[in-house]
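**Q** Chains as they are written, first to last, in our numbering: chain S, 220 to 338; chain W, 59 to 165.
Pasting a structure here, questions to come.
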């Protein structure tokens, strides 16, 4: 059974940094493309970042480009999202999601971790 | 950027009702359209991918159709566990994908 468990979310002040983690199990993590998707309060889903199975390709939404970094550690089956220069508008529940065939079909998701950016 | 518009934004329905949600793209996405169900505090679930393919384990009362710019998710007979928010997502410009605004299905 595929399991994705996010952690690391908490309250942080604007301009601060945070690293989110996603522990993956139940599938071949090293071969899988992964993404972070967030849902801000009262809003819909938004893709934040994508990393290919080989980690050779990454993609970021314009809203986070230059501030967030996605990475994979295949030795620990973990996905990360380093979030720097956080803004109030980054407040959201962040989900990690597994890609079915590397075509942005998200077939498994975690429950998410809440990030609150506020002074 | 491809914009995805869902309608309605919310709807009220009863158990046993037939429910239809539409999703429109502002340019063609051929068949690269996927549907998700999301309940508060839970992980979103993939229901249908590539417009009409039912994901493993999803009940057959869910179905999807459409191509190009207009797509539909249908629940043939609404069940109590189906009350949730539904999102469409285009994968035409992967990995630069985008989601619809969501449709909340309420009792």
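Where is the CB? At the ideal position from N, CA and C, for every residue including glycine.
Establish whether the CB of residue 300 (chain S) and some CB of chain W are separated by less than 8 Å.
**A** no
**Q** Would you check if the segment 75-88 of chain W and the segment 245-265 of chain S touch, i.e. whether three or more CB-CB distances between them fall below 8 Å?
**A** no
**Q** In the DSSP output, which residue or residues are listed as bridge partners for residue 318 (chain S)?
**A** Residue pairing of residue 318 (chain S) in beta bridges, as defined by DSSP: S:325.
**Q** Between the segment 88-106 of chain W and the segment 140-149 of chain W, are three or more C-beta pairs nearer than 8 Å?
**A** yes
**Q** Does the Cβ of residue 133 (chain W) have 16 or more other Cβ atoms within 10 Å, making it buried, or fewer, making it exposed?
**A** buried
**Q** Look at residue 126 (chain W) and residue 106 (chain W) and say whether their C-beta atoms are less than 8 Å apart.
**A** no
**Q** Which residue's Cα is closest to the Cα of residue 314 (chain S): S:233, S:244, S:258?
**A** S:258
**Q** Verify the CB distance criterion: does residue 235 (chain S) have a CB-CB separation below 8 Å to chain W?
**A** Answer no: the Cβ-Cβ gap between residue 235 (chain S) and chain W never drops below 8 Å.
**Q** Can you tell me which of the three DSSP states residue 268 (chain S) falls into?
**A** strand
**Q** Is the CB-CB distance between residue 280 (chain S) and residue 266 (chain S) below 8 Å?
**A** yes
**Q** Only counting the same chain, and skipping five residues up and downstream in sequence, which positions put a Cβ closer than 7 Å to that of residue 71 (chain W)?
**A** 77, 136, 163
**Q** Please check if any C-beta of chain W sits within less than 8 Å of the C-beta of residue 309 (chain S).
**A** No - not a single Cβ of chain W is within 8 Å of the one on residue 309 (chain S).
**Q** Does any residue of chain W have a CB that is nearer than 8 Å to the CB of residue 230 (chain S)?
**A** no
**Q** If you count every other CB in all the chains shown that lies within 10 Å of the CB of residue 158 (chain W), and 16 or more means buried, which is it?
**A** buried
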